[in-house]
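Colleague: Pasting a structure here, questions to come.
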Amino acid sequence: MEKKISKQTIKRDFLIFILIFLLLVTLSLSTSTFGVTDVGDYAGVAKFFSGEFHAKIRSSHSFLYGVIHFPLLLLIKNFIILKIINLIYLFLLILSVYFMSGKNSKTLFLFLLSPVVWYMGPWVNSIQLSSLLFLEGYYFMKKFEDTEKLSLLFISGLLVGLSWAFWDSILFFSIILGICFLYDKKFYNFFFFGLFVLIGLMPKLIIDQMLFNFPFYGIIRYFFGMVTSIMWGGIYGSMGSSNKIFDLFLLLILIPIFTYKIFSKKSLSKNKKSLIFIGLSLFLIFLNFQIRYLLFIFPIILLSLVSLINKKEFRLQLIISIILSLLVITPYIIQINYSTNTPEFKSLITHFKNIEIYNNQEEILIQDLREISMDFPNEVFIVGNQADSYSLLAMIYWGDDIREFVSIEDYSLSLENKSDIFSKKIYFTPNIAERREIWIGGGIGKNSNDDTNYSSIRFAISDEDNISLQNFRLVKEYEKLSVFEKVGN
Numbered sequence: 004m005e006k007k008i009s010k011q012t013i014k015r016d017f018l019i020f021i022l023i024f025l026l027l028v029t030l031s032l033s034t035s036t037f038g039v040t041d042v043g044d045y046a047g048v049a050k051f052f053s054g055e056f057h058a059k060i061r062s063s064h065s066f067l068y069g070v071i072h073f074p075l076l077l078l079i080k081n082f083i084i085l086k087i088i089n090l091i092y093l094f095l096l097i098l099s100v101y102f103m104s105g106k107n108s109k110t111l112f113l114f115l116l117s118p119v120v121w122y123m124g125p126w127v128n129s130i131q132l133s134s135l136l137f138l139e140g141y142y143f144m145k146k147f148e149d150t151e152k153l154s155l156l157f158i159s160g161l162l163v164g165l166s167w168a169f170w171d172s173i174l175f176f177s178i179i180l181g182i183c184f185l186y187d188k189k190f191y192n193f194f195f196f197g198l199f200v201l202i203g204l205m206p207k208l209i210i211d212q213m214l215f216n217f218p219f220y221g222i223i224r225y226f227f228g229m230v231t232s233i234m235w236g237g238i239y240g241s242m243g244s245s246n247k248i249f250d251l252f253l254l255l256i257l258i259p260i261f262t263y264k265i266f267s268k269k270s271l272s273k274n275k276k277s278l279i280f281i282g283l284s285l286f287l288i289f290l291n292f293q294i295r296y297l298l299f300i301f302p303i304i305l306l307s308l309v310s311l312i313n314k315k316e317f318r319l320q321l322i323i324s325i326i327l328s329l330l331v332i333t334p335y336i337i338q339i340n341y342s343t344n345t346p347e348f349k350s351l352i353t354h355f356k357n358i359e360i361y362n363n364q365e366e367i368l369i370q371d372l373r374e375i376s377m378d379f380p381n382e383v384f385i386v387g388n389q390a391d392s393y394s395l396l397a398m399i400y401w402g403d404d405i406r407e408f409v410s411i412e413d414y415s416l417s418l419e420n421k422s423d424i425f426s427k428k429i430y431f432t433p434n435i436a437e438r439r440e441i442w443i444g445g446g447i448g449k450n451s452n453d454d455t456n457y458s459s460i461r462f463a464i465s466d467e468d469n470i471s472l473q474n475f476r477l478v479k480e481y482e483k484l485s486v487f488e489k490v491g492n
């Protein structure tokens with residue numbers, strides 16, 4: 004028989020929770036970082052649709068997050084509003100785990116003080132919202148397993164589909180969830196789950212239809228982006244880490260140290276489907292390990308683990324979590340007033356012997372752009388020397404005196420009258436005297452509807468003392484940026 008939790012205990016837990024969470028909010032809003040991966044795919048897209056992103060957008064993830072959040076940037080022209088909304092999602096995620104565990108204070112504090120939560124605190128990313136929706140979908144799937152009420156399966160499918168609409172990687176986890184929980188059910192259960200996942204996905208499909216005239220544009224782009232990365236190392240560089248031993252080490256220290264208990268014989272007999280799902284999900288995360296992905300699986304692990312640990316193990320895990328969380332936030336504390344070459348926990352470890360701290364680089368760039376906008380008002384600038392160097396300047400610039408930032412890659416392709424950025428063909432060559440052969444091809448190209456007049460652009464910006472373009476000469480240097488002017492034709 005479960006012990007009833009007193010109202011006084013609940014009030015005490017909630018007060019402590021609020022106080023600790025306010026510390027997380029204070030840190031997240033104080034540090035200058037918004038995350039280090041895919042920030043442009045979410046914050047940049049939101050800024051683009053608010054009309055404040057003076058450049059073409061390049062996103063490889065769902066546009067839905069940016070589309071529904073851009074009105075916030077119309078009200079407050081600062082990404083800090085997106086930090087606040089993501090902290091709200093994180094708050095709801097932690098509370099959801101607490102209530103799903105039967106108001107178990109162990110679950111509340113193990114999740115709240117976990118290094119994964121503190122790692123994700125300042126990030127502008129869709130994973131906080133997507134993890135919340137997927138957790139709810141998982142919860143209703145568990146309820147369906149216990150009752151076999153189709154209405155619960157429908158709700159689960161809707162929530163999982165909506166989670167996928169915000170974060171593309173849920174595609175793989177939703178398949179694993181469906182297989183793990185429905186493999187021994189009648190086929191129509193799997194069909195209905197898939198149908199309601201598709202219904203939940205509709206906001207993404209509608210947005211893609213409106214933006215790209217094809218509802219499955221984003222799904223296909225993401226899937227073949229993964230294929231390209233695996234087979235050819237990506238377009239601009241490979242994804243993930245090549246040091247899988249290091250990835251495994253991080254994975255093992257960032258999830259609860261007593262996670263192994265959920266895979267005991269006794270636990271497996273009671274919670275088999277959930278544990279298979281957790282195991283396969285952890286393996287999938289390990290294959291392309293990024294710390295932020297753990298936010299998705301961490302609460303599900305806790306829900307299975309919390310009843311298996313005693314008070315001594317709880318205290319030990321709490322101490323370990325606090326120590327790791329302090330290490331995780333170290334780069335964020337540095338970035339309250341400075342910049343560093345180790346902007347997050349993983350890079351802090353890998354570059355521990357070569358940590359550099361210097362003046363806030365973003366503030367320097369912002370000041371340079373202010374001066375450039377006054378010295379060269381209402382101009383279009385090519386930005387180099389990397390293909391996506393332009394996006395950083397478009398992200399941090401809030402003003403109307405610079406017309407547009409243009410990618411050096413797009414400019415170079417235009418000069419050469421080319422459009423292909425990346426393309427591959429797979430040939431099936433006959434071994435006989437066959438007159439024909441079959442090939443399958445695909446690729447990425449510059450937008451054929453691009454109406455930019457590249458030949459009229461007179462100026463370029465680089466964060467180096469040179470620009471990788473012919474017929475451009477240096478005209479003015481600023482603290483970090485340099486401006487070049489086109490000479491001749």
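For what it's worth, this note's numbering labels the leading residue of the sequence shown as 4, then goes sequentially. Positions of the beta carbon are idealized from the N, C-alpha and C atoms, including for glycine. Predicted model, so just to flag it, every value in this text is computed and none were measured.
(1) Could you give the uninterrupted runs of the beta strand (DSSP E) lying entirely in the region 419-453, keeping only those of 3 residues or more?
(2) If contacts are defined as beta-carbon pairs under 8 Å, then Arg476 and Val490 qualify, I think. What distance do you get, rounded to the angstrom?
(3) Look at the alpha carbon of Asp16 and the alpha carbon of Ser108, and state the distance between them as a whole number of angstroms.
(4) Tell me whether Ala390 sits in a helix, a strand or coil according to DSSP, three-state version.
(5) May I have the straight-line CA-CA distance separating Ile8 from Lys14, to the nearest angstrom?
(6) My output table needs one value for Glu412: the three-state DSSP class, helix, strand or coil.
(7) Looking at the secondary structure, which residues open and close the alpha helix (DSSP H) in which Tyr68 lies?
(8) Since Ile375 and His57 should fall inside the 8 Å C-beta cutoff, what is the C-beta to C-beta distance between them, to a whole number of angstroms?
(9) Does the beta-carbon of Asp378 have 16 or more other beta-carbons within 10 angstroms, so that it is buried, or is it exposed?
(10) DSSP on Leu472, reduced to helix/strand/coil?
(11) Verify whether the separation of the beta carbon atoms of Ile411 and Ser459 is less than 8 Å.
(12) Does the pairing of the region 37-51 with the region 393-401 give three or more beta-carbon distances under 8 Å?
(13) Helix, strand or coil: how does DSSP classify Ser328 here?
(14) Would you call the CB atoms of Phe143 and Ser159 closer than 8 Å?
(15) Please give the ranges of any alpha helix (DSSP H) in the region 29-65, keeping only runs that are unbroken, at least 4 residues long and fully inside the region.
(16) Would you identify the three-state DSSP class for Phe82, choosing helix, strand or coil?
(17) If I follow the unbroken beta strand (DSSP E) through Glu488, where does it start and stop?
(18) Looking only at its own chain, which residues have a Cβ that is under 7 Å from the Cβ of Leu214, when we skip the five neighbours before and after it?
(19) So the candidates are Asn381, Ile385, Tyr457, Asn81; which of them puts its Cα closest to the Cα of Ser417?
(20) Using only the alpha-carbon positions, how far apart do Leu257 and Pro118 sit?
(21) Buried or exposed for Gln473, please, with buried defined as at least 16 other CB atoms from any protein chain shown within 10 angstroms of its CB.
(22) Going by C-alpha distance, which of Ser129, Trp167, Asn128, Val120 is nearest Tyr141?
(23) How many Å lie between Ile441 and Ile435 at the Cα?
(24) Beta-carbon separation of Phe292 and Leu255 under 8 Å?
(25) Here's a check: name, in chain order, each residue in its chain whose Cβ is nearer than 8 Å to the Cβ of Ile265, leaving out the five neighbours to either side.
(26) Since Thr29 contacts Tyr335 with CB under 8 Å, what's their CB separation in whole angstroms?
(27) How would you label Phe20, buried or exposed, when you count the other beta carbons within 10 angstroms and need 16 or more for buried?
(28) For Thr262, which residues in the same chain have their Cβ closer than 8 Å to its Cβ, ignoring the five residues on either side in sequence?
(29) Since Val383 sits in a beta bridge, which residues does DSSP pair it with?
(30) Here's a check: name, in chain order, each residue in its chain whose Cβ is nearer than 6 Å to the Cβ of Asn452, leaving out the five neighbours to either side.
(31) According to the Cβ coordinates, are Leu283 and Gly124 closer than 8 Å?
(32) Distance, Cα to Cα, Leu116 vs Ile325?
(33) Looking at Lys349 and Ile294, is the spacing between their C-beta atoms short of 8 Å?
(34) For Ala168, write down the residues that DSSP places opposite it in a beta bridge.
(35) Just to confirm the assignment, what range does the alpha helix (DSSP H) spanning Ser465 have?
(36) Please name the residue, chosen from Leu285, Leu161, Lys146, that lies closest to Phe184 on a Cα-to-Cα basis.
Modeller: The structure says:
(1) Scanning the region 419-453 from its first residue to its last, the whole beta strand (DSSP E) runs of 3-plus residues come out as 423-431, 441-448.
(2) 5 Å between Cβ atoms; contact.
(3) About 7 Å.
(4) DSSP, reduced to helix, strand and coil, places Ala390 outside both helices and strands of the structure shown, so it counts as coil.
(5) Approximately 11 Å between the Cα atoms of the pair.
(6) DSSP places Glu412 within a helical segment (H, G or I) once states are collapsed to three.
(7) 67-78 is the span of the alpha helix (DSSP H), which, as asked, contains Tyr68.
(8) 12 Å between Cβ atoms; not a contact.
(9) Within 10 angstroms of the beta-carbon of Asp378 lie fewer than 16 other beta-carbons, which makes it exposed.
(10) Coil at Leu472, not helix or strand.
(11) The criterion of a C-beta distance shorter than 8 Å is not satisfied by Ile411 and Ser459.
(12) Touching, per the Cβ criterion.
(13) It is helical.
(14) The beta carbons of Phe143 and Ser159 sit closer together than 8 Å.
(15) Counting only runs of 4 or more, we get 48-53.
(16) Residue state for Phe82 is assigned as coil, using DSSP reduced to three classes.
(17) From DSSP, the beta strand (DSSP E) with Glu488 extends over 485-489.
(18) If we look at Leu214 and ignore the five residues flanking it on each side, its Cβ neighbours are Phe66.
(19) Among Asn381, Ile385, Tyr457, Asn81, the Cα nearest to that of Ser417 belongs to Tyr457.
(20) Here the C-alpha atom of Leu257 lies approximately 7 Å from the C-alpha atom of Pro118.
(21) Gln473 comes out exposed.
(22) For Tyr141, the closest C-alpha among the options Ser129, Trp167, Asn128, Val120 is that of Trp167.
(23) Per the coordinates, the alpha-carbon of Ile441 lies some 13 Å from the alpha-carbon of Ile435.
(24) Contact: no.
(25) Taking C-beta separations shorter than 8 Å and ignoring five residues to either side along the sequence, the partners of Ile265 in its chain run Asn274, Leu278, Ile281, Ile304, Ser307, Leu308, Leu311, following chain order.
(26) Not really, about 11 Å apart at Cβ, beyond 8 Å.
(27) It counts as buried.
(28) For Thr262, the CB contacts under 8 Å within the same chain, skipping 5 residues up- and downstream, are Ile304, Leu308 in chain order.
(29) Partner(s): Glu407.
(30) Correct list: empty, nothing qualifies.
(31) For Leu283 and Gly124, no; Cβs fall outside 8 Å.
(32) Rounded to whole angstroms, Leu116 to Ile325 spans 6 Å at the Cα level.
(33) Yes, they are a contact pair.
(34) As computed with DSSP, Ala168 is found in no beta bridge at all.
(35) Ser465 -> not in any alpha helix (DSSP H); beta strand (DSSP E) instead, spanning 462-465.
(36) That would be Lys146, whose Cα lies nearest to the Cα of Phe184.
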